[in-house]
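Q:
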Amino acid sequence: MSELLIRNTTPADVPHLVALQRSVYPTIAAWTEERVLHQLGVFPQGQAVACYGDRIVGCASSLVIRWDEWSTDHSWSEITANGSFDNHDPSGRTLYGAEVFVDPRLRGQRVGHRLYEARRALCRRMNLKRIIACGRLPGYHRHAGAMSLETYAKKIVWGDLTDPVLSFQLKEGFSYCGVIENYIPEDAESLGHASLIVWLNPRYDPNRPTIAFGPGEKM
Ligand SMILES: CC(C)(COP(=O)(O)OP(=O)(O)OC[C@H]1O[C@@H](n2cnc3c(N)ncnc32)[C@H](O)[C@@H]1OP(=O)(O)O)[C@@H](O)C(=O)NCCC(=O)NCCS
Numbered sequence: 000m001s002e003l004l005i006r007n008t009t010p011a012d013v014p015h016l017v018a019l020q021r022s023v024y025p026t027i028a029a030w031t032e033e034r035v036l037h038q039l040g041v042f043p044q045g046q047a048v049a050c051y052g053d054r055i056v057g058c059a060s061s062l063v064i065r066w067d068e069w070s071t072d073h074s075w076s077e078i079t080a081n082g083s084f085d086n087h088d089p090s091g092r093t094l095y096g097a098e099v100f101v102d103p104r105l106r107g108q109r110v111g112h113r114l115y116e117a118r119r120a121l122c123r124r125m126n127l128k129r130i131i132a133c134g135r136l137p138g139y140h141r142h143a144g145a146m147s148l149e150t151y152a153k154k155i156v157w158g159d160l161t162d163p164v165l166s167f168q169l170k171e172g173f174s175y176c177g178v179i180e181n182y183i184p185e186d187a188e189s190l191g192h193a194s195l196i197v198w199l200n201p202r203y204d205p206n207r208p209t210i211a212f213g214p215g216e217k218m
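So the sequence shown is residues 0 to 218, counted in numbering that gives the first Met the number 0.
1. Taking the alpha-carbon positions, what's the HIS112 to ALA145 distance?
2. Per the contact definition of three or more C-beta pairs closer than 8 Å, is the segment 128-139 in contact with the segment 190-200?
3. Flag SER189 as yes when its Cβ comes closer than 6 Å to any non-hydrogen atom of ligand 1, and as no otherwise.
4. With three or more C-beta pairs closer than 8 Å as the rule, is the segment 147-155 touching the segment 35-46?
5. Using only CA atoms, which one of THR26, ALA211, GLN20 and THR9 lies nearest to PRO103?
6. Take every Cβ of the segment 61-68, pair it with every Cβ of the segment 20-32, and state whether three or more of those distances are shorter than 8 Å.
7. Less than 6 Å between C-beta atoms, sequence neighbours within five positions excluded: which residues of the same chain meet that for GLN168?
8. Work out the CA separation of ASP204 and LEU36 for me, nearest whole Å.
9. Buried or exposed, going by whether 16 or more other CB atoms sit within 10 Å of the CB of TRP75?
10. Between GLU32 and ASN126, what straight-line distance do the alpha-carbon atoms span, to the nearest angstrom?
11. Report the three-state DSSP secondary structure of GLN46 (helix, strand or coil).
12. Going along the chain, which residues of its own chain have a beta-carbon closer than 7 Å to the beta-carbon of ALA132, five neighbours each way excluded?
13. Closest by CA to GLY177, which one among GLU171, ASP186, GLU185 and LEU165?
14. Which stretch, first to last residue, makes up the beta strand (DSSP E) that contains PHE100?
15. Please report the distance separating the alpha-carbon of ARG129 from that of GLY213.
16. Using only the alpha-carbon positions, how far apart do GLU216 and GLN46 sit?
17. On a CA-only basis, which of ALA29, GLU185, ASP159 and THR161 is nearest PRO14? Give me that one, please.
18. Measure the alpha-carbon distance for GLY107 versus TRP69 and round it to whole angstroms.
What follows is the structure, given as structure tokens:
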């Protein structure tokens, strides 16, 4: 097999990316191709795929926001302008992780790590203060009868339980900041909920502006 490559998404990747996303989520509707093409138009450097040769095996999608404009309570649809990323604001200081997924056949092989590494590199490259994301909690439906959402999330942080997404994000150096209810209502595994997480860029310089990309420049 060829080497794993993380690169910006191209229009030619879009049908493969959408097909992969459809296979990843049992209850959440996949993006349309038009929607992903629109995201590429809004912030091309924020859209990344992982691939082995021609085969797309993962994706990470981000936009820049002014975090202060969003209360801690927001839904995925609200903070991504319904997946269009039209609220992407190049003067913001926060990279918002809108999506990450890996081909189910290749989980646990550090593809997600490489996508997160690329996201951290983008954050440093743009002199952004942090990465914020809301992570699904797909293991919660198995424990919802026994404990609250918050207790479940804390048990992941404490190491008493593992969750397929939050455990991964903690391993990637993110800090848990609390739970967000009704983040993706149609996410049956997470009962619609999510955890709020943050990674602070250690190299962030508040005296320098956010560094924008030139036309056609890649991540
Ligand atoms: C979350 C996801 C992207 C992780 O991708 P992945 O390629 O399997 O993760 P990696 O192999 O890169 O794992 C990186 C680290 O996290 C750990 N990790 C990954 N999944 C884990 C799990 N289920 N439980 C505990 N730790 C886990 C790995 O052990 C690894 O640790 P290491 O640094 O000690 O080796 C993947 O499971 C996925 O696509 N999930 C479905 C889509 C989804 O829900 N995305 C989240 C949207 S908010």
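Using N, Cα and C, we set each Cβ at its ideal position, and we do this for glycine too.
A: In this structure, then:
1. Taking the Cα positions, HIS112 is about 31 Å away from ALA145.
2. Inter-segment contact for the segment 190-200 and the segment 128-139 is present: three or more beta-carbon pairs are separated by less than 8 Å.
3. Answer for SER189: no, Cβ out of range of ligand 1.
4. The segment 35-46 is not in contact with the segment 147-155.
5. Measuring from the Cα of PRO103, the nearest candidate turns out to be GLN20.
6. Counting C-beta pairs with one atom in each stretch, the segment 61-68 and the segment 20-32 have fewer than three that are closer than 8 Å, which means they do not touch.
7. Cβ neighbours of GLN168 beyond the five flanking positions: GLY134 and ILE196.
8. Computed Cα separation, rounded: 32 Å.
9. So TRP75 counts as buried.
10. Each residue's Cα considered, the two are about 31 Å apart.
11. The answer is strand: DSSP assigns GLN46 an E or B state.
12. The residues are TYR95, GLY96 and ILE196.
13. The residue with the shortest Cα to Cα distance from GLY177 is LEU165.
14. Note, PHE100: beta strand (DSSP E), 93-101.
15. Rounded to the nearest whole angstrom, the CA to CA distance from ARG129 to GLY213 is 21 Å.
16. Whole-angstrom Cα-Cα distance: 13 Å.
17. PRO14 has its Cα closest to that of ALA29, out of ALA29, GLU185, ASP159 and THR161.
18. Rounded to whole angstroms, GLY107 to TRP69 spans 33 Å at the Cα level.
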